[in-house]
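Reading through the structure tokens given below for one structure.
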Amino acid sequence: MVFAFFMVVLGLFVAIAYKLRMLTLDGAFSSWGLGVVVCAAFGYQGFGLLLLFFISSSLLSKWGKEKKKELRTLSVESKGRNAGQVFANGGAAFLAGGGYLLFPHPFWLALFIASLAEAAADTWASEVGVLSKGEPYHILRRSRVERGISGAVSPLGLTAAALGSLLISVTGALLFFESRWTIYVLFLTFLAGFLGNVLDTIIGGSVQLGFRCSICGSEVEEHTHCGVPTEQIKGWSSVNNNTVNFISSMLAGLAAGVMMFWLQ
Ligand SMILES: [Zn+2]
81 MVFAFFMVVL
91 GLFVAIAYKL
101 RMLTLDGAFS
111 SWGLGVVVCA
121 AFGYQGFGLL
131 LLFFISSSLL
141 SKWGKEKKKE
151 LRTLSVESKG
161 RNAGQVFANG
171 GAAFLAGGGY
181 LLFPHPFWLA
191 LFIASLAEAA
201 ADTWASEVGV
211 LSKGEPYHIL
221 RRSRVERGIS
231 GAVSPLGLTA
241 AALGSLLISV
251 TGALLFFESR
261 WTIYVLFLTF
271 LAGFLGNVLD
281 TIIGGSVQLG
291 FRCSICGSEV
301 EEHTHCGVPT
311 EQIKGWSSVN
321 NNTVNFISSM
331 LAGLAAGVMM
341 FWLQ
């Protein structure tokens, strides 16, 4: 009965997010599926943590919207997150929920919290970092590059990543754990989330697909820019931003989960 109520509430939430153009239609359906599994496994606390990630990231993406429009694509207007983006950020949480339902163990909880902490760090870093005043530093090319390129870091972006990871790890640790375990889990998931984001930057800057627009000359992640097809300049054809996000949040989650297993 309580669970049926959750399913309806979740349905309302994703319907609102769809109406507000935070999610596309397939993004709304996959968010609902993800939410149902997470609620079944981790109850209202799990739902709360997902919601905290989703709302904080959506609000940050609206912040400085005009400036972001200038910096990024002029041709692509955001229609909300699609299913691929939902699973890139929440796929590890979905697997953690499924795993917990089959074999309940704190391993899955640590995986759940750390993977969301990494996803938050990544989203916060890119949404806030792109507004940074100076030119960011590319950690693999060892040079300054234009803003918004995968592989680039800035003090502002790194601070935002740390804060994003901290928000999720503190909330998750307080919601799910007690006494000294709260501190352990907080520390573990915060670190995994932040370092996972650094790894995300490294993978993003190397093997992730990158293109150049022949009209405006910017380095972009889209197949079209300024209304024309872009040219591939780097990366492996199967590795896009979603793949990189999923891999790094999964690795952050697994690292925290293994530490948890070891501490138990
Ligand atoms: Zn262009």
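If you count the sequence shown from 1, you need to add 80 to reach this note's numbering. In this text, a Cβ means the ideal position worked out from N, Cα and C, and glycines have one as well.
Beta carbon of A205, beta carbon of H218: below 9 Å? no
Anyone know if the C-beta pair for I313 and G337 falls short of 9 Å? no
Look at S136 and A97 and say whether their C-beta atoms are less than 9 Å apart. no
Let me know the secondary structure DSSP gives E207 once reduced to three states. In the structure shown, E207 sits in a helix (DSSP, three-state: H, G or I).
May I ask you to check if the CB of H305 is nearer than 8 Å to at least one heavy atom of ligand 1? Under cutoff, so the answer is yes.
Which residues mark the beginning and the end of the beta strand (DSSP E) in which K159 is found? Per DSSP, K159 belongs to no beta strand (DSSP E) and is neither H nor E.
Contact defined as beta carbons within less than 8 Å: I believe M340 pairs with A190. What is the distance between those atoms, to the nearest angstrom? 4 Å
Can G297 be considered in contact with ligand 1, in the sense that its beta carbon sits closer than 8 Å to one or more heavy atoms? yes
Give me the DSSP bridge partner(s) of L103. R161
On the CB-based measure, 16 or more other CB atoms within 10 Å of its CB, does R161 come out buried or exposed? buried
Using a Cβ-Cβ cut-off of 8 Å (strictly less than) and excluding sequence neighbours within five positions of F256, which residues of its own chain qualify? F122, Q125, L189, I193, V265
Please indicate yes or no: does the CB of V208 lie closer than 8 Å to some heavy atom of ligand 1? no
CB of C293 to nearest heavy atom of ligand 1: below 8 Å? yes
Spatial neighbours of L334 within its chain, please: CB distance less than 7 Å, with the 5 preceding and 5 following residues excluded, ordered by chain position. L191
Relative to the C-alpha of S294, which candidate in S286, E302, V308 has its C-alpha closest? V308
In angstroms, rounded to a whole number, what distance separates the CA positions of T304 and E258? 50 Å
In the structure shown, what three-state DSSP assignment does R224 receive? strand
Spatial distance of L154 from L139 (CA atoms): Note on L154: pLDDT 42, under 50, position unreliable in the model; the coordinate value appears next. Taking the straight line from one Cα to the other gives about 21 Å.
Under 7 Å Cβ to Cβ from F133, same chain only, skipping five residues before and after it: list those, please. Close CB contacts of F133 within its chain, under the 7 Å cut and outside five residues either way in sequence, are with L196, A199, A200, I248 (chain order).
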